[in-house]
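Participant:
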Amino acid sequence: MIPYGRQDITQADIDAVIGVLQSDFLTQGPMVPRFEQQVAQHVGASHALAVNSATSALHIACLALGLGPGDRLWTSPITFVASANCGLYCGAQVDFVDIDPRTYNLCPLALERKLEQAERENALPKVVVVVHLCGQPCDMKAIHGLAKHYGFKVIEDASHAIGGKYQGEFIGNGKYSDITVFSFHPVKIITTAEGGMVLTNNAALANKMALLRSHGITRDAQQMTHESDGPWYYQQIDLGFNYRMTELQAALGVSQMERLDEYVGRRHQLAARYNDLLATLPVTVPWQHADSYSGLHLYVIRLQLDRISKTHRQVFESLREQGIGVNLHYIPVHTQPYYAQMGFKPEDFPAAQAYYREAISIPMFQTMSDEQQDQVIASLRKAVL
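Under our numbering, residues 56 to 440 are what the sequence shown spells out, in order.
1. Use the C-beta contact count for F399: other C-beta atoms within 10 angstroms, 16 or more gives buried, fewer gives exposed.
2. Given that a residue counts as buried once 16 or more other Cβ atoms are within 10 Å of its Cβ, and exposed if not, what is K169?
3. Taking all protein chains shown into account, decide if K263 is buried (16 or more other Cβ within 10 angstroms of its Cβ) or exposed.
4. Between A276 and G285, what straight-line distance do the alpha-carbon atoms span, to the nearest angstrom?
5. Going by the C-beta, is L333 closer than 7 Å to any heavy atom of the ligand NAD?
6. Applying the 10 Å Cβ sphere with the 16-neighbour rule, what's the burial state of W129?
7. First and last residue of the beta strand (DSSP E) that includes A103?
8. Using C-beta distances below 7 Å, list every residue in its chain close to G229, excluding the 5 sequence neighbours before and after it, in chain order.
9. Pull up the CB-CB distance for L303 and V72, whole angstroms please, since I reckon it's below 8 Å.
10. Can you list, in chain order, the residues of its chain with a C-beta nearer than 6 Å to that of Q430? Leave out the 5 residues immediately preceding and following it.
11. Could you check how far apart the C-beta atoms of Q93 and V309 are, in whole angstroms? I think they sit under 8 Å.
12. Enumerated in chain order, which unbroken segments of the alpha helix (DSSP H) with a length of 4 residues or greater are wholly contained in the segment 69–103?
13. In three-state terms, what does DSSP make of G285?
14. Along the alpha helix (DSSP H) that carries R328, what are the first and last residues, could you check?
15. Within the continuous beta strand (DSSP E) that includes K400, where are the two ends?
16. Starting from T110, follow the alpha helix (DSSP H) in both directions and report where the run begins and ends.
17. What did DSSP end up calling V388 once you bin it into helix, strand or coil?
18. Let's test the definition: count the other Cβ atoms within 10 Å of the Cβ of N297 and tell me whether it reaches 16, buried, or not, exposed.
19. Considering only their Cβ atoms, is the gap separating G250 from M300 smaller than 8 Å?
20. Write down the C-beta distance between S131 and V186 rounded to the nearest angstrom, noting that I regard them as a contact closer than 8 Å.
21. If you draw a straight line from the C-alpha of A147 to the C-alpha of S434, how long is it?
22. With DSSP run on the structure shown, which of helix, strand or coil describes N262?
23. Confirm, please, whether the CB-CB distance from A407 to I133 is below 8 Å.
24. Closest by CA to V152, which one among Y354, P392, L164, V75?
25. From which residue to which residue does the beta strand (DSSP E) around V370 run?
26. Taking the alpha carbon of Y348 as the reference point, which residue from P156, S269, P192, D70 has its own alpha carbon closest?
27. Kindly list the residues whose CB is nearer than 6 Å to the CB of A306, restricted to its own chain and excluding five residues on each side of it in sequence; keep chain order.
28. Among L81, Y59, Q428, F237, which residue has its Cα nearest to the Cα of V98?
29. Going by C-alpha distance, which of P341, Y205, Y411, P401 is nearest Q172?
30. Any chance you could list the alpha helix (DSSP H) runs of at least 4 consecutive residues sitting entirely within the segment 145–195, in chain order?
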């Protein structure tokens, strides 16, 4: 089976993890700060905080921005459920904005229309989570302009997008957002096994998220409510969580970061080759905005079903039967039973539904060979013709 995604673990990665196992610190040591500094410097952000998952990162990002009961969070319906669930964790209401049919990202025109209506109804969002689907950045300049006009905060869910660029600058630099989130799950561009990171240029937000990451506890005398009792002393000054990343994970991340640009470059080679090989098949290949240099975590095709005698499901199952580990990213969040109970209907976001009826993620990973790619194309040809 050729998987849709796969981690690349080298001897250097293994040696880095073994080095931590043989050190004095398995957690809360020097490696996590080193990884944070490395990522922050690479993308051009002032602050970075490593956590145990991108879901945890989204949660503390929302809390740091003050999201709570009575507030609203909006996001894209084409994303993993965590992009929406983080709002519910905070007691906020969640709603969605339909996607751009070319990029599959949250559509800024649809966002503007929804904001105009929400302003009339006194129901504006406090936070908008924009999702850089497949690694391609959203139209951040347009969304930033709307954020300034309507007064909402912006979180970039860049779980797919580390190593990508928007308008020539690395995603994560915070130019057009308050907080950016990365994921280091094994199928992502680089991995720490499980893990995530929040990045911001706002020191107050960084301090707040640092507290929330580790039980709301501080050893900083300046943050304490009274003078320290002694060198052992700490205070819990907020209600936080155990969202810390281990030293082993951070060591793996430090090692993987050395190959980040190489990995993204290889994905672009594979994507260009896919574009050529798929040109004669009844599928739509990913469209890339001129402002975008995608991280290319995923390569999503859309079936031109009016030119195919088989159904979406039949093509998908044929590929799986041929040993091609295709997937579908994602089932529209608003159609999940938990969200349907809130009153959402499939037809509420027609562009998202159209995407779901046609989309298939075909294999894309940095160690993929040309021979494996040829096998994917041959199998797809058999499935659709």
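Idealized CB from N, CA, C, for every residue including glycine. In this text the structure is predicted, and so the values were computed from the model without any measurement.
Facilitator: The structure says:
1. Residue mapping note: residue 399 aligns to position 344 of the sequence shown, counting from 1. Result: buried.
2. As a first step, residue 169 is located in the sequence shown; it is residue number 114 there, counting from the start. K169 should be labelled buried.
3. Taking the first residue of the sequence shown as 1, we reach residue 263 at position 208. Flag for K263 reads buried.
4. Position 221 of the sequence shown holds residue 276. Position 230 of the sequence shown holds residue 285. If you take the alpha carbons of A276 and G285, they lie about 11 Å apart.
5. Annotation note on the ligand NAD: not contained in the displayed structure, which lists no ligands.
6. Numbered from 1 along the sequence shown, position 74 holds the residue referred to as residue 129. Counting Cβ neighbours within 10 Å, W129 comes out buried, since at least 16 surround it.
7. By one-based count along the sequence shown, residue 103 stands at place 48. Looking at the DSSP string, the run of the beta strand (DSSP E) that includes A103 is 102–106.
8. Residue 229 sits at position 174 when you count from the first residue of the sequence shown. Here the set comprises A100, T235, L254, T255, N256.
9. Position 248 of the sequence shown holds residue 303. Position 17 of the sequence shown holds residue 72. Between V72 and L303 the Cβ distance is about 5 Å, and since that is below 8 Å, they are a contact.
10. Start at 1 with the first residue of the sequence shown, and residue 430 comes out as number 375. Correct list: empty, nothing qualifies.
11. Within the sequence shown, residue 93 is the residue found at index 38, counting from 1. Within the sequence shown, residue 309 is the residue found at index 254, counting from 1. Confirmed, Cβ separation roughly 6 Å.
12. 86–98
13. Taking the first residue of the sequence shown as position 1, residue 285 is located at position 230. Looking at G285 - three-state DSSP - the assignment turns out to be coil, as it is neither helix nor strand.
14. Locating residue 328 in the sequence shown gives position 273, counting from the first residue. Start and end: 315–332.
15. Reading the sequence shown from its first residue, position 345 is the one you call residue 400. Unbroken run through K400: none, as it is neither H nor E.
16. The residue given as residue 110 occupies position 55 in the sequence shown. Here the alpha helix (DSSP H) through T110 covers 109–119.
17. To locate residue 388, count along the sequence shown from 1; it is residue 333. Correct three-state label for V388: helix.
18. Along the sequence shown, one-based indexing puts residue 297 at 242. Result: exposed.
19. Along the sequence shown, one-based indexing puts residue 300 at 245. Along the sequence shown, one-based indexing puts residue 250 at 195. Closer than 8 Å, so yes.
20. Looking up residue 131 in the sequence shown gives position 76. Looking up residue 186 in the sequence shown gives position 131. Sure, about 5 Å apart at Cβ, within 8 Å.
21. Here the question's residue 147 lines up with position 92 in the sequence shown. Here the question's residue 434 lines up with position 379 in the sequence shown. Answer to the nearest angstrom: the Cα atoms are 45 Å apart.
22. Along the sequence shown, read from residue 1 onward, the residue named residue 262 stands at position 207. The answer is helix: DSSP assigns N262 an H, G or I state.
23. Position 78 of the sequence shown, counted from the start, is the residue given in the question as residue 133. Position 352 of the sequence shown, counted from the start, is the residue given in the question as residue 407. Taking 8 Å as the Cβ cut-off, I133 and A407 qualify as a contacting pair.
24. Position 97 of the sequence shown, counted from the first residue, corresponds to residue 152. The shortest Cα separation from V152 among Y354, P392, L164, V75 belongs to L164.
25. Here residue 370 corresponds to residue number 315 of the sequence shown, with the count starting at 1. It is not in any beta strand (DSSP E) - V370 instead sits in the alpha helix (DSSP H) that spans 367–376.
26. Walking along the sequence shown from the start, residue 348 turns up at place 293. Considering only alpha carbons, the answer is P192.
27. Here residue 306 refers to the residue found at position 251 when the sequence shown is read from its first residue. Hits under 6 Å: A71, V72, V75, M86.
28. In the sequence shown, counting from the first residue as 1, residue 98 sits at position 43. Nearest C-alpha to V98: F237.
29. Start at 1 with the first residue of the sequence shown, and residue 172 comes out as number 117. Here the closest residue by C-alpha is Y205.
30. 163–175
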